[in-house]
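First comes the structure, then the notes that go with it.
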């Protein structure tokens with residue numbers, strides 16, 4: 247029994263948010279965005295001086311990244327696309343490609 251022993255392997259990393267439909271906080275953010283669009287008619291601006299608008303704009307950006315990475319469910323995509331005023335921005339047509347359009351480019 248004096249054979250070679252294999253070292254213990256570390257546990258695999260958690261796949262948090264990596265599976266399709268894995269977007270934590272989608273429902274809350276969606277409802278905030280829906281209310282925003284109903285009252286203002288346009289998407290929140292990421293450079294706003296208004297804290298709540300800037301926070302919601304950051305959520306929109308994260309949703310677009312999740313779309314590009316293929317992490318939104320078909321239902322989530324459909325719900326967003328039904329919102330008047332919603333658009334995918336640079337992520338349009340890149341669903342599941344993992345290659346974000348305009349990634350790294352700053353104006």
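Residue numbers (this note's numbering): 247 to 353. Ideal placement from N, C-alpha and C gives every residue a C-beta, glycine not left out. Only a predicted model underlies this, so the values are computations on that prediction, with no experimental measurement involved.
request  = Just mark residue 315 as buried or exposed, buried being the case when its beta carbon has 16 or more other beta carbons within 10 Å.
outcome  = buried
Start and end residues, alpha helix (DSSP H) containing residue 340 = Unbroken run through residue 340: none, as it is neither H nor E.
query = Can at least three beta-carbon pairs, one atom from the region 315-335 and one from the region 292-302, be found at a separation below 8 Å?
reply = Flag = no, the region 315-335 and the region 292-302 do not touch.
ask   = Is residue 325 helix, strand or coil when you go by DSSP?
value = helix
ask   = What residue does the alpha helix (DSSP H) around residue 285 start on, and which one ends it?
value = 272-286
inquiry  = By alpha-carbon positions, which one of 341, 342 and 276 ends up nearest to residue 330?
reply    = 276
ask   = Do the CB positions of residue 306 and residue 289 come within less than 8 Å of each other?
value = yes
Simplified DSSP assignment, three categories, for residue 292 = coil
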